Structure formats: structure tokens, C-alpha cells
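Positions 1 to 402 (full-length UniProt numbering) are the ones given, in order, by the sequence shown. The C-beta atom is built at its ideal place from N, Cα and C for all residues, glycine as well. This one's a predicted model, so the numbers in the text were calculated from it and none came from an experiment. Written below as C-alpha cells is the structure these notes are about.
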Amino acid sequence: MSSVTAVAWLVIPFKVIDYDTLLPIYSWRLFLALSSIPGFISGAWVLYLPESPRLLSDTNRSEKALKILAYIHKMNNGASSEYKIKKLIQDEVFVGKTLGAEESRTKVLFLSVIKDLKTFVSKSYAVKSTLILFMFFANMAAGFGLNMWIPELLLRIQGRECKLTASTVKPENARLFNATTHWKDLKYDSYGKEVPIPGLNDSSFDDHFGQGSTCDSTIDQEVFTSGLIVGACCVLGNAACAILCARGGALGVRRAAIACTAVCALASACLAATACSCSSFNKIAVVAAAALNAASLNGNVLLIRLLLHALPARLSGLGVCWGAWWGRAGGVASNLAVGALLDFSCPAPFIAVGALLALSIGAIMVIKLGENQEEISQKKEEEPEHGLEKNTGLDRYISTYM
Numbered sequence: 001m002s003s004v005t006a007v008a009w010l011v012i013p014f015k016v017i018d019y020d021t022l023l024p025i026y027s028w029r030l031f032l033a034l035s036s037i038p039g040f041i042s043g044a045w046v047l048y049l050p051e052s053p054r055l056l057s058d059t060n061r062s063e064k065a066l067k068i069l070a071y072i073h074k075m076n077n078g079a080s081s082e083y084k085i086k087k088l089i090q091d092e093v094f095v096g097k098t099l100g101a102e103e104s105r106t107k108v109l110f111l112s113v114i115k116d117l118k119t120f121v122s123k124s125y126a127v128k129s130t131l132i133l134f135m136f137f138a139n140m141a142a143g144f145g146l147n148m149w150i151p152e153l154l155l156r157i158q159g160r161e162c163k164l165t166a167s168t169v170k171p172e173n174a175r176l177f178n179a180t181t182h183w184k185d186l187k188y189d190s191y192g193k194e195v196p197i198p199g200l201n202d203s204s205f206d207d208h209f210g211q212g213s214t215c216d217s218t219i220d221q222e223v224f225t226s227g228l229i230v231g232a233c234c235v236l237g238n239a240a241c242a243i244l245c246a247r248g249g250a251l252g253v254r255r256a257a258i259a260c261t262a263v264c265a266l267a268s269a270c271l272a273a274t275a276c277s278c279s280s281f282n283k284i285a286v287v288a289a290a291a292l293n294a295a296s297l298n299g300n301v302l303l304i305r306l307l308l309h310a311l312p313a314r315l316s317g318l319g320v321c322w323g324a325w326w327g328r329a330g331g332v333a334s335n336l337a338v339g340a341l342l343d344f345s346c347p348a349p350f351i352a353v354g355a356l357l358a359l360s361i362g363a364i365m366v367i368k369l370g371e372n373q374e375e376i377s378q379k380k381e382e383e384p385e386h387g388l389e390k391n392t393g394l395d396r397y398i399s400t401y402m
């Protein structure tokens, strides 16, 4: 994110020579074109990536899946490393299916997903799945909802609305006038009078519905610096979360997720108090925006890791998909709430999302994480060889990331 802001700072202020073309050339259009280049590159790159080993294994193409896994192992560990896994054992649901029965494989895959979904919402996992979906809903309500409106809030802090609120124009003293005077003799010279606003490109606006304002194409440098601060905080947040997760295993992931969610809740409350009220603490609002962005995006990754520790390998992939779906729903709901209430009650959606995040902290604290570790330890007691441990980790890796 910080790199995108840096590119915007370099490109948008650049004055493009005005040529008579079918599509006018503006610096912001050049910035959008540059921003789309990574997307095109990644899209072309995807075409050359290997097929999912999990999909190949589920469709009775285990030999091809094993070759792809060996290739990934070779790329990650060097050409001299040996890939010790020689055979992939399919789930019992797919045993006995032939490679030629394409329709049968698709049907079995669909039925397997339905079966896992029934297990995910069954009584055994009802509480855990509800907590997981709620955590993702609250997290993405901040990450994909409030974050989208942060640039608008920063512009309002530095723009005309807040500068008008902070202006020091003193009202005239109250005066009495003769009520018997005919209304035509009254002079309404002050109606619609232009009030200068210092520090806003020497422009002015009409104090009656803002008529007569001038538009300036230049963007305040503080907008770019604010974006750079937000991006830098995201990078630092990534490093901090990696350190917290590396120590403590599942409990370390839980602690890091709680920390990120708490920061999101506090940042939402801070934005409601500073950015929405046009207060003089605009620097604090920038810091809160940076904290919200960094904590929400890193918290989303931590919730995925928390989900992997909370669910068995067979349900973890489905849990990630459903969590992402409910998270997007939270982002859409938060976006609609801020868009509808920004000009009427700006703090309301921020306070509501902050309350959701505070509740999700409790959900993170109460969710059980020991199920998978207990299963693995039992299997180790039955079969103490290290090969079983590797297969368990491989199953989790394939089911989730592939």
C-alpha cells in the first residue's frame, strides 16, 4: 500500500501537457494505468501456475499431484533436496473412482462439499462455526468497510468543510430594530456574502449553500503523506504479527489476533471522535487510520490461521471460504452504513463497528483451538514415526492453500 501511495505522489502532481486527443490525458488516468500493471502481470502469471494438487488428488490424478508437490518442494528447498513422500492417499470418499468418469468425479466432489457443509453447521461445530463467521464479519467490516472511507475522511479533515468549522469569523452582536418598518426598507446586504477561507488556495465560497466556490485541481501534500504513513504502519504491522505468531503456536496466533482486533476497535472509536467531528486533532486521526488499516488487514490473515487451528483439516478449507463470504458481507454492510450516515451521523457506523470488534475479541478468546493438536498427539502415540506427522501437516497444507 505504501508503494501505491508513493507512486500516486510522484504521478498525480505531474502536469501532463494538454493535447487534443479523443480521451483527455490527465495525471490521475496515468496513475490508474500504472496501478493496473501488477494486475495484468499476476493474471498472466496465473496461467502458467500448476494445477491444484488437492483438486488433482480428489479427481484420481494422484501421480500428477505428486509431481507438482515434488516440484514445489524442489523450488522451495533447492534442487539437491529429496522429496520423501512417494504416494498420496485419497480420502475414502474418492476411493474406487476411475479417471474416465468425469461426470462421476464432479458429482462426488459436489456431494463431498455438501457433506462437509452439513458437518460445518452441525451441532458439534455450530458454536465454533458461528464464532468464526462472526469474527470474519467484524474484521472485514473494519478492513473492507471503514478503510474504504478513510481517504474521504482525511480529505474532509483537510478540506473546506472542516476549515469552515475551524474558521474564527465572529458573529455580529444582536441588534434590535423597529418592527413597524416596512419589510421593503430592510437591507439584506449580509445575505449570501462571500467569506474568505485562509489557507485554502485563496479561494472563497458563498456562505449560502456554498455557491461561488472555486475548484482547484491541486491536491494537498498532506493527503499523500497520510497515505504513506498508513502504508508504513501496515508493513510494521506485518512484521509484528509475524513475530507474535512465531512464538507460542496456536496461542501466539490467538494473542496476535486479539491484539489486532483491539487496535481496530480503539482506532474506530478514535476516528469517530477526531475525524468525524472536524476537531483540531487531525494528526491523531491519521495515526488512527493507519492503525485501523494495518490491524484489520493483518488481523484477517491471523483469523485464517486461527481457523486452521480451530477446525480439522477436512473442514478448514470450507471454513476459510465461508469466513471470507461473511467477511465480505460485513464489508458491504459497513460501506453502506458509512455512505448513508456520513453526512448525518458520521460517528455512528464507526462506533457500531468498534462495538462489533470488541465483541469479536470475546469470540477469539473463547473459541477452542486444541482439537487438532490432540488428534495429532494421539496419532503420534499410536505411530511414533515422523512420517505421520509430515503427512498430517501436508494434508492441512493441501486442504487449505491449494
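**Report entry** Inter-residue Cα distance where the pair is A8 and K368
**Finding:** As a first step, residue 8 must be located in the sequence shown, where it is residue number 8. As a first step, residue 368 must be located in the sequence shown, where it is residue number 368. Those two C-alpha atoms are separated by around 44 Å.
Report task. Using three-state DSSP, classify P312 as helix, strand or coil. Result -> Numbered from 1 along the sequence shown, position 312 holds the residue referred to as residue 312. Three-state DSSP puts P312 in coil, outside helix and strand.
Report task. Flag this pair as yes or no: are the beta carbons of L236 and F350 separated by less than 8 Å? Result -> The residue labelled residue 236 in the question sits at position 236 within the sequence shown. The residue labelled residue 350 in the question sits at position 350 within the sequence shown. Contact flag unset, no.
Query raised in the report: Are there three or more Cβ pairs, one per stretch, closer than 8 Å when the segment 107–114 is compared with the segment 299–310?
Result: no
Query - First through last residue of the alpha helix (DSSP H) which encompasses R254 - result: Residue mapping note: residue 254 aligns to position 254 of the sequence shown, counting from 1. 249–274 is the span of the alpha helix (DSSP H), which, as asked, contains R254.
Query - Nearest neighbour of A310, chosen from V287, G354, L336, L251 [CA to CA] - result: Locating residue 310 in the sequence shown gives position 310, counting from the first residue. If we check each option's Cα against that of A310, L251 comes out closest.
Query raised in the report: Hey, out of V127, W45, N293, whose CA is closest to V366's CA?
Result: Within the sequence shown, residue 366 is the residue found at index 366, counting from 1. V366 has its Cα closest to that of V127, out of V127, W45, N293.
Query - Best match in N76, M75, K64 for proximity to L88 [C-alpha to C-alpha] - result: Here residue 88 corresponds to residue number 88 of the sequence shown, with the count starting at 1. Of the candidates N76, M75, K64, the one whose C-alpha sits nearest the C-alpha of L88 is K64.
**Report entry** Local Cβ density within 10 Å of P13, reported as buried at 16 or more and exposed below that
**Finding:** Translated into positions along the sequence shown, residue 13 becomes position 13. The residue is exposed, with fewer than 16 neighbouring Cβ atoms inside 10 Å.
**Report entry** C-alpha distance - A352 paired with A232, whole-angstrom precision
**Finding:** Start at 1 with the first residue of the sequence shown, and residue 352 comes out as number 352. Start at 1 with the first residue of the sequence shown, and residue 232 comes out as number 232. Cα to Cα, the separation comes out at about 27 Å.
Query raised in the report: Within the chosen definition, does the segment 331–347 reach the segment 133–152 through at least 3 CB pairs nearer than 8 Å?
Result: The segment 331–347 is in contact with the segment 133–152.
Query raised in the report: Using DSSP with H/G/I as helix, E/B as strand and the rest coil, what is I12?
Result: In the sequence shown, residue 12 corresponds to position 12, counting from 1. Residue state, collapsed to three classes: coil.
Requested in this report: Kindly give me the distance between the Cβ atoms of S316 and C264, rounded to whole angstroms, as I take these residues to be in contact under 8 Å.
Outcome: Walking along the sequence shown from the start, residue 316 turns up at place 316. Walking along the sequence shown from the start, residue 264 turns up at place 264. The pair is not a contact, with the Cβ atoms about 24 Å apart (cut-off 8 Å).
Query - Entirely enclosed beta strand (DSSP E) segments - the segment 107–151, minimum 3 residues - result: none
Report task. Check T59 in the structure and name its three-state DSSP category. Result -> Translated into positions along the sequence shown, residue 59 becomes position 59. In this structure, T59 counts as coil in the three-state DSSP scheme.
Requested in this report: With distances taken Cα to Cα, identify the nearest neighbour of G330 among M148, F144, A358.
Outcome: To locate residue 330, count along the sequence shown from 1; it is residue 330. Cα-wise, what sits closest to G330 is F144.
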